[in-house]
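These notes are about the structure you will find just below.
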Amino acid sequence: MSAELKEQLRSAAQEQGFELFGVVDAEELAKVPFPPNRCLETPEGFLPGARSVIVLGMHIWDPLQNAVVTSVLPDGAVPFDDVPGSQYYNMYYEITEARAHRFAETVREAGFRTAVTHFVHAKVAAHLAGLGWIGKQTLVITPSLGPHVRWACVVTDAVLPYDEPFTEDLCGDCELCIKSCPVGAIAPGYAQGVEPGKKVDFWKCIVPQEMLADPSPGWVKHAPHYTERGSQECLICLDACPVGREEHERRVREYSTKPTG
Ligand code: B12
Ligand code: SF4
Ligand code: SF4
389 MSAELKEQLR SAAQEQGFEL FGVVDAEELA KVPFPPNRCL ETPEGFLPGA RSVIVLGMHI
449 WDPLQNAVVT SVLPDGAVPF DDVPGSQYYN MYYEITEARA HRFAETVREA GFRTAVTHFV
509 HAKVAAHLAG LGWIGKQTLV ITPSLGPHVR WACVVTDAVL PYDEPFTEDL CGDCELCIKS
569 CPVGAIAPGY AQGVEPGKKV DFWKCIVPQE MLADPSPGWV KHAPHYTERG SQECLICLDA
629 CPVGREEHER RVREYSTKPT G
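First residue of the sequence shown? That's 389 in this note's numbering, and the numbers climb one at a time after it.
Right under this line is the structure:
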């Protein structure tokens with residue numbers, strides 16, 4: 389029965405645009421350490437009695453899907469801390485979250501509880517669900533679309549058949565993402581075995597600068613700006629990755645030339 393439910397959920401996910409779908413054991417994911425100030429929480433922290441985490445991946449194909457609008461954080465506040473009243477809107481977070489909520493209705497209709505979130509350790513969840521390899525820039529690289537995906541998760545008390553972890557090394561000798569970073573934020577070598585949170589230097593990477601009153605010159609230069617506080621998050625180390633590029637670019641061309649629907 390639960391295998392049947394899993395397939396039914398896979399179809400429901402696809403209907404919401406999540407072509408990547410996998411399931412991990414909530415207890416296994418809870419064992420994986422993560423640093424503070426990353427918004428991250430264990431599955432149980434979102435849903436007491438959590439048994440499974442459903443991982444949903446969507447293709448992100450236009451740079452503007454990384455549009456972000458932020459207010460400036462108060463002095464001393466750390467980006468990604470939960471600061472009451474702060475304004476943060478990221479387009480792909482809004483898209484994936486809204487669609488994950490619609491998907492979660494199907495889980496609830498089957499009689500289970502759900503919590504929709506971006507903030508379990510999504511990259512490791514995707515890896516444990518067999519959906520991709522954690523690349524040298526720490527993003528999940530999927531065989532079909534490389535890193536051009538974003539993840540949302542649904543924590544549930546449903547016990548579903550768990551997927552097997554991804555085993556293939558998709559990086560090999562490549563270091564293109566590391567070399568591409570304009571501010572040298574990515575430490576050399578594999579992500580695997582590096583202390584959690586130490587592979588990418590959080591304060592060097594220009595992305596968290598979007599929340600500061602006095603952002604680094606790197607943010608001003610490398611994040612395309614549209615308004616005073618409206619910009620596009622950096623994609624340089626993501627776009628540098630050759631894995632999945634062909635299919636990503638094929639779809640960009642297809643969506644740009646053929647009417648859809
Ligand atoms: C905080 C955060 C950031 C921070 C810190 C990023 C970092 N790498 O440290 C900042 C603001 C810098 C950032 C930047 C970006 N981010 Co960000 N970010 C997050 C967030 C909220 C948490 C990530 C985190 O801190 N994880 C915990 C730390 C410990 O993990 P880590 O050090 O990165 O990785 C370790 C583990 O993966 C481990 N590991 C590797 N293999 C394995 C295998 C096993 C079995 C285990 C146990 C562990 C393990 O080794 C790594 C090194 O220790 C996630 C959302 C989420 N829920 O995860 C999005 C997320 C990672 N971001 C995302 C993206 C796209 C970006 C950017 C490209 C900006 C953009 N355009 O959106 C850049 C890329 C920068 C980069 N190279 O990482 C996407 C990635 C999509 C993908 N393909 O995987 C996510 C998943 C958001 C989403 N909803 O999809 N981000
Ligand atoms: S997102 Fe940009 S600044 Fe951050 S690590 Fe990647 S290339 Fe470097
Ligand atoms: S650019 Fe190369 S090293 Fe970086 S994640 Fe992609 S394949 Fe791995």
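Ideal Cβ positions, reconstructed from N, Cα and C, are used throughout, including at glycine.
Near residue i, what residues of its chain come up, given a Cβ to Cβ distance below 6 Å and the 5 sequence neighbours on each side ignored?
| i | result |
| --- | --- |
| A575 | K587 |
| T505 | F434, C541 |
| V653 | This structure does not reach residue 653, given that the chain is present from 389 up to 649, and the question cannot be answered. |
| A628 | L564, C565, S568 |
| S604 | Q597 |
| G606 | V571, I594 |
Name the two residues that bound the continuous alpha helix (DSSP H) containing residue i.
| i | result |
| --- | --- |
| A517 | That residue, A517, is in no alpha helix (DSSP H); it is neither H nor E in DSSP. |
| L445 | Inspection of the sequence shows that residue 445 is occupied by Gly rather than by Leu. First-last for G445: 440 to 447, but that is the beta strand (DSSP E), not the alpha helix (DSSP H). |
| R639 | 633 to 645 |
| V420 | It is not in any alpha helix (DSSP H) - V420 carries neither H nor E in the DSSP assignment. |
| C559 | No alpha helix (DSSP H) holds C559; DSSP gives it neither H nor E. |
| H536 | Where H536 is concerned, there is no enclosing alpha helix (DSSP H), given that its DSSP letter is neither H nor E. |
| A579 | Unbroken run through A579: none, as it is neither H nor E. |
| C565 | 564 to 568 |
Can you tell me where the beta strand (DSSP E) holding residue i begins and where it ends?
| i | result |
| --- | --- |
| T458 | 455 to 458 |
| Y477 | 476 to 478 |
Which residues does DSSP list as the beta-bridge partners of residue i?
| i | result |
| --- | --- |
| V719 | Here the chain covers residues 389 to 649 and nothing more, so residue 719 does not appear. |
| L408 | G445 |
| D413 | S440 |
| C541 | V443, T505 |
| Q620 | A455 |
| V528 | I522 |
| G499 | DSSP lists no partner for G499. |
| H489 | DSSP, once it has assigned bridges, lists no residue as partnering H489. |
| H613 | S619 |
Using C-beta distances below 8 Å, list every residue in its chain close to residue i, excluding the 5 sequence neighbours before and after it, in chain order.
| i | result |
| --- | --- |
| V508 | L417, L428, E429, T430, P431, F434, V441, C541, V543 |
| T458 | S474, Q475, Y476, Y477, E598, M599, R617 |
| H489 | V504 |
| V456 | Y476, Y477, N478, M479, E598, G618, S619, Q620, E621 |
So, using beta-carbon positions, are residue i and residue j closer together than 8 Å?
| i | j | result |
| --- | --- | --- |
| R439 | A414 | yes |
| L579 | K524 | Leu is not the amino acid found at residue 579; the sequence shown has Ala there. Yes; because the gap between Cβ atoms is below 8 Å, this pair is in contact. |
| V412 | D545 | no |
| F468 | N425 | yes |
| C593 | A611 | no |
| K394 | P549 | yes |
| S390 | V547 | yes |
| T494 | A400 | yes |
| V631 | L558 | yes |
| C622 | V595 | yes |
| P423 | G577 | no |
| R487 | Q404 | yes |
Within 7 Å: the Cβ of residue i and any heavy atom of ligand 4?
| i | result |
| --- | --- |
| C427 | Ligands displayed in this structure: ligand 1, ligand 2 and ligand 3; ligand 4 is not among them. |
Quick one: residues in its chain with C-beta nearer than 7 Å to the C-beta of residue i, no 5 flanking neighbours on either side, listed in chain order?
| i | result |
| --- | --- |
| Y480 | I448, Q453, N454, R538 |
| E635 | S532, L533 |
| A601 | V460 |
| R633 | G534 |
| Y643 | W449 |
| H376 | With the chain represented from 389 up to 649, any question about residue 376 goes unanswered, as that position is not in the structure. |
| A465 | V471 |
Take every Cβ of the stretch 446 to 453, pair it with every Cβ of the stretch 399 to 413, and state whether three or more of those distances are shorter than 8 Å. Three or more Cβ pairs drawn from the stretch 446 to 453 and the stretch 399 to 413 lie within less than 8 Å of each other, which places the two stretches in contact.
Would you check if there are 3 or more beta carbon pairs closer than 8 Å linking the stretch 473 to 487 to the stretch 513 to 520? No: the two stretches stay apart, fewer than three of their Cβ pairs being nearer than 8 Å.
Measuring CB atoms only, is the stretch 609 to 618 touching the stretch 557 to 567, in the sense that at least three cross pairs come out at less than 8 Å? Using a Cβ-Cβ distance cut-off of 8 Å, the stretch 609 to 618 and the stretch 557 to 567 are not in contact, since fewer than three pairs of beta carbons, one from each stretch, lie closer than that value.
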